[in-house]
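When we follow my numbering, the leftmost residue of the sequence shown carries the number 250, and every step to the right adds one.
Notes for the one structure printed next.
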Amino acid sequence: MADDDLRHRPIRDLIGGTFGVVGRRFREVAVIAIVAAAVAVVSVAAVVSALDIVGDEVFENPRFEEFMDLTAQEDVASEEIEASLEAWLDSIEGNRLVNAALLFAVSLLVSLLGWATTIAFSLVALDDVEGRNTAIGRSLGTGLARVPKAVLLAIIYFAVFVVLLIALGIAMFVLSLMHPYLGIAAFFLGIVGTVVYFAPLVQMHYVMAYLEPGFPSWRKWWRLIAGNKAATWGRSALIVSANIAVGLILWFGLLALPSPYGDFISNAIAGPILGALSAIAYALMYADLSGRSRPGTGEMPELGD
250 MADDDLRHRP IRDLIGGTFG VVGRRFREVA VIAIVAAAVA VVSVAAVVSA LDIVGDEVFE
310 NPRFEEFMDL TAQEDVASEE IEASLEAWLD SIEGNRLVNA ALLFAVSLLV SLLGWATTIA
370 FSLVALDDVE GRNTAIGRSL GTGLARVPKA VLLAIIYFAV FVVLLIALGI AMFVLSLMHP
430 YLGIAAFFLG IVGTVVYFAP LVQMHYVMAY LEPGFPSWRK WWRLIAGNKA ATWGRSALIV
490 SANIAVGLIL WFGLLALPSP YGDFISNAIA GPILGALSAI AYALMYADLS GRSRPGTGEM
550 PELGD
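Here is the structure:
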């Protein structure tokens, strides 16, 4: 725990430092937050429009209701059900579904652009730590250029998670031969234990992808948090928990508002603010771990590959 205390600032200082960056770099943070808000609003609008199209064409279609009514009845000939199903499928307008797919694709693209604002917030925090002026355009441009690297990292971790699920599935099958409940318990405990332990630590790997020019190796990431895993885990878990808590409070509070206003406040105001605070806090944690935030240390020490 001595290493944890050495390389991580106290949690109270982390919170104060996060709001300190916002205060000192308010113009940069505000502009990037406005971009993030615009991205979020466009993405949500695209998803809502696509869901409306799919709902109108597929599930609110009168032919669909007829088909569901027939399937709920007894003693209905299979030929009649098949005819109703064909009538429902024939009534669906393919062009509108293509438009819905395009809207979903736009939402995905815009969401990836939103990732660039998260990286930009991180870069602003690192500029503040190292005493550099921040160019908003440069931060957003660098963030956009590093999105593919972050996406690749996410794909790799998703693949690792799939492999983990397969391995746990095999273990569950073997253990279930001994006792059914033993296999199920092992499967869920394996998932929960792995996610709870590694997910907060993995976030620092993403921050490395945000702030370092090259692709961050797993060895370098593990060396970055070496001796500080408990403190890194605790701070990351605290940030995630705070986001979830604030998100739930906002969600329940905004339920009383008319839908457009609640969605606007949530996506255009609350979302970018929480995103900015989280990204800055993680960047300060990275600065602590890498030695950049220590007085008089100068450049980041090489951790090796």
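For each residue, glycine too, the CB sits at the ideal point set by N, CA and C.
As the structure is a computational prediction, the values presented were derived from the model and not from experiment.
Proximal residues to residue i (C-beta, below 8 angstroms), its chain only, five neighbours per side dropped
i: LEU389; result: ILE281, VAL284, ALA365, THR366, ALA369
i: ILE302; result: ARG345, LEU346, ASN348, ALA349, LEU352
i: TYR446; result: TRP482
i: ALA486; result: PRO449
i: VAL396; result: LEU361, LEU362, TRP364, ALA365, ILE368
Residue i, DSSP secondary structure in three states
i: GLY463; result: coil
i: HIS257; result: coil
i: ALA326; result: coil
i: ALA475; result: coil
i: GLU314; result: helix
i: ARG484; result: helix
i: ILE341; result: coil
i: THR366; result: helix
i: GLU379; result: coil
i: GLU331; result: helix
i: GLU306; result: helix
i: ALA350; result: helix
Sequence-distant residues of its chain with Cβ nearer than 7 angstroms to residue i (five each side left out)
i: SER298; result: LEU352
i: THR383; result: ARG274, GLU277, VAL373, ASP376
i: GLU306; result: ILE341, GLU342, ARG345, LEU346
Extent of the continuous alpha helix (DSSP H) to which residue i belongs
i: ILE522; result: 520 to 539
i: PHE275; result: 275 to 303
Nonlocal neighbours in the same chain, by C-beta distance under 6 angstroms from residue i, ignoring five residues either side
i: LEU488; result: What sits at residue 488 in the sequence shown is Ile, not Leu. These residues qualify, in order along the chain: SER527, ALA530.
i: LEU426; result: none
Whole-Å CB distance - residue i paired with residue j, under 8 angstroms assumed
i: LEU263; j: LEU533; result: 6 angstroms
Ranges of the alpha helix (DSSP H) found wholly within the stretch 385 to 470, counting only runs of at least 4: 385 to 425, 429 to 460
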